[in-house]
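Novice:
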Amino acid sequence: MQDAVWNLRHSASEHIPGKLSLCIGLPVMIRNNDATKLCITKGQEGHVVGWKSGIGSRGQFVLETLYVKLDRPAKNINIEGLPENVVPLMKIKKSVKCTFPNGVSIPICRSQVQVLPNFSMTVYASQGKTHPDNVVILNSCCDHLSYYTALSRSSTAEGTVIIQGFNPNKITCGAPGYLRQEFRELELMDEIAQLRFEDKLSPTINGHLRNALIRQYQLFKGELYVPDVVPDTLKWSKSDPMNILKVQTDTQWQLIEKFKEKTTKYTPASGTIAIDNNKSIKHKADKISSVTIISNNRPKTNLDLQNQEAPIGLIWDSHDHSCAYDAVFTILGDIWVYNPIMWSHEFGLMSFFALINLVWVFNKFH
Amino acid sequence: MTLIAGKNTGQPNIAKKRFRNVSIITELNSQKDQLNKLGSLRFAMETGQKLTDFYSDDELGEDIDPSTLSSIRKKDKKIYTKFKKTFES
Chain A
21 MQDAVWNLRH
31 SASEHIPGKL
41 SLCIGLPVMI
51 RNNDATKLCI
61 TKGQEGHVVG
71 WKSGIGSRGQ
81 FVLETLYVKL
91 DRPAKNINIE
101 GLPENVVPLM
111 KIKKSVKCTF
121 PNGVSIPICR
131 SQVQVLPNFS
141 MTVYASQGKT
151 HPDNVVILNS
161 CCDHLSYYTA
171 LSRSSTAEGT
181 VIIQGFNPNK
191 ITCGAPGYLR
201 QEFRELELMD
211 EIAQLRFEDK
221 LSPTINGHLR
231 NALIRQYQLF
241 KGELYVPDVV
251 PDTLKWSKSD
261 PMNILKVQTD
271 TQWQLIEKFK
281 EKTTKYTPAS
291 GTIAIDNNKS
301 IKHKADKISS
311 VTIISNNRPK
321 TNLDLQNQEA
331 PIGLIWDSHD
341 HSCAYDAVFT
351 ILGDIWVYNP
361 IMWSHEFGLM
371 SFFALINLVW
381 VFNKFH
Chain B
6 MTLIAGKNTG
16 QPNIAKKRFR
26 NVSIITELNS
36 QKDQLNKLGS
46 LRFAMETGQK
56 LTDFYSDDEL
66 GEDIDPSTLS
76 SIRKKDKKIY
86 TKFKKTFES
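Chains A and B, in that order, are what the protein sequence lines are.
Note that the working numbering has the first sequence beginning at 21, numbered continuously upward.
Note that the working numbering has the second sequence beginning at 6, numbered continuously upward.
#1: Under the three-state reduction of DSSP, which class applies to Asn189 (chain A): helix, strand or coil?
#2: Going by the beta-carbon positions, is the gap between Asp38 (chain B) and Arg130 (chain A) smaller than 8 Å?
#3: With 8 Å as the threshold, decide whether the Cβ of Asn34 (chain B) is near any Cβ in chain A.
#4: Kindly indicate which residue of A:Lys62, A:Val116 and A:Asp163 has the alpha-carbon position closest to the one of Asn138 (chain A).
#5: Which residues in the same chain have their Cβ closer than 8 Å to the Cβ of Gln147 (chain A), if we skip the five residues on either side of it in sequence?
#6: Let's test the definition: count the other Cβ atoms within 10 Å of the Cβ of Val249 (chain A) and tell me whether it reaches 16, buried, or not, exposed.
#7: Please compile the residues from chain B whose C-beta is within a distance smaller than 9 Å of the C-beta of Lys89 (chain A).
#8: With a cut-off of 8 Å, does the C-beta of Thr52 (chain B) fall near any C-beta of chain A?
#9: Using a Cβ cut-off of 9 Å, pull out every chain B residue sitting near Lys39 (chain A), in sequence order please.
#10: Determine the chain A residues that contact Lys12 (chain B) at a beta-carbon separation under 8 Å, and present them in chain order.
#11: Can you list, in chain order, the residues of its chain whose CB lies under 6 Å from that of Leu325 (chain A), leaving out five sequence neighbours each side?
#12: Given that a residue counts as buried once 16 or more other Cβ atoms are within 10 Å of its Cβ, and exposed if not, what is Ser257 (chain A)?
#13: So, for Lys255 (chain A): in the same chain, excluding its five sequence neighbours on each side, which residues have a beta-carbon less than 7 Å away from its beta-carbon?
#14: Look at the alpha carbon of Tyr87 (chain A) and the alpha carbon of Gly66 (chain B), and state the distance between them as a whole number of angstroms.
#15: Contact check, Leu136 (chain A) vs Arg51 (chain A) under 8 Å by CB: the rounded distance?
#16: Using a Cβ-Cβ cutoff of less than 8 Å, which residues in the same chain neighbour Asn27 (chain A) once the five nearest sequence positions on both sides are dropped?
#17: Scan the region 130-146 of chain A for residues whose Cβ lies nearer than 9 Å to a Cβ of chain B and list them as they occur along the chain.
#18: Is Asp63 (chain B) helix, strand or coil when you go by DSSP?
#19: Over the uninterrupted beta strand (DSSP E) stretch that includes Gly66 (chain A), give me the two end residues.
#20: So, is Ala32 (chain A) buried or exposed, given that buried needs 16 or more other C-beta atoms within 10 angstroms?
#21: Please state whether the Cβ-Cβ distance between Ile30 (chain B) and Val181 (chain A) is less than 8 Å.
#22: When you compare each of A:Gly79, A:Asn122 and A:His164 to Cys193 (chain A) by their alpha carbons, which one comes out closest?
#23: In the DSSP assignment, find the unbroken alpha helix (DSSP H) run with Leu8 (chain B) in it and report its ends.
#24: Measuring alpha carbon to alpha carbon, tell me which residue in A:Asp210, A:Lys89 and A:Pro251 is nearest Leu233 (chain A).
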């Protein structure tokens, strides 16, 4: 069973490899933001320069630390005792969903150094990178967006290589309808913004939302009006019309401060269910640590993950004016609730470090 | 002039040193995984090394983070319990 899990392909275990096959000099990509200040960031490329191995709980060979020399880091990194731009990567414990070829998936808590071999990367992972030499497979790319992302990684044309043929229709046969509509709307928005800036816009064009604004402008100028600057390929006409936009009704704005009732009234977002305020216990933000606030005030029944109807969190109280920290506490609470024992411990450790830092700063300015 | 790789004159050659170990960009994860596997084997061979296999330390997840938990479908629950027994035996 464990062998099957180890041998799953990397993308079947959320790109945290069960089995990492390495040798010195092998190109790798870091998959986790371990330390952004040291350029150990998700997507950073590098080469293996060494490792420290150990024996795992099943007697298997495990990586304790992997030493990687970073390729073109944002800045030069010097760690004491290591050559320039060489950084250590520790194994990290993380929950991953392993999906078997038959579609069944199981959750696994995995300790592994978070790198992948870097002989290939997905278009998704390549976003934001620039490569002087860029080898791409366009054949598998599904649309013009992927073509763009893959090809625009290149910084030179002569360094660009395309493997296999590709379908030029995806980038030459015109934009699909929805995309053309979007571009046309942007052209109109452009003109409206320009006129407004120059103070030449008719006062009747006063919509606050995009849809209303474009509709007003279309009605004002006529359906067939095309701004001069629109490129030929986007121009609309009688045979290829851009219809006047339909009226869209948006949710009304509400000022929540006005409500003095005991329960706070608000319009639930579509797809969510409102929490019954009377059932929840009001929080006291004055108590000391985040852990105790959450554990004292969150009734267990409300934290039942299976029957959860609304997101877990603190409820806005218009009487004592819930503070901005609530957002943070809510997020922490939401994390905590999935494993109270572990997170109480972890939060404790975090607070400890935060306190140590504070004490250090106090001492410095004493 | 073409940028499509091939063996004819005028076509770029991805076996050349310049492109040999350049990370290939592809849309599909399956292609990426396979290219990485083959690339690692080739790289080790060319540099006269052997690949060392390092395995992860896995436990069936008690400490599940919320994002993973929410994605476990109900259907998988029964199978999960079954797996757990097999896994721990």
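We put the CB at the ideal spot given by N, CA and C, even for glycine.
Specialist: Per the coordinate set shown:
#1: helix
#2: no
#3: yes
#4: A:Lys62
#5: Thr169
#6: exposed
#7: The premise fails here: Lys89 (chain A) is roughly 14 Å from chain B at the closest Cβ pair, so nothing lies under 9 Å.
#8: yes
#9: Asp58, Phe59, Tyr60 and Ser61
#10: Those do not exist, as Lys12 (chain B) stays about 13 Å from chain A at its closest Cβ, beyond 8 Å.
#11: Low per-residue confidence applies at Leu325 (chain A): pLDDT is 48, beneath 50, and the placement is therefore not dependable, though the value from the model is reported in the following sentence. Hits under 6 Å: none found.
#12: exposed
#13: Val246
#14: 28 Å
#15: 6 Å
#16: Gly38 and Lys39
#17: Arg130, Ser131, Gln132, Val133, Leu136, Pro137, Asn138, Phe139, Ser140, Met141, Thr142, Val143, Tyr144, Ala145 and Ser146
#18: strand
#19: Glu65 to Ile75
#20: buried
#21: no
#22: A:His164
#23: Per DSSP, Leu8 (chain B) belongs to no alpha helix (DSSP H) and is neither H nor E.
#24: A:Asp210
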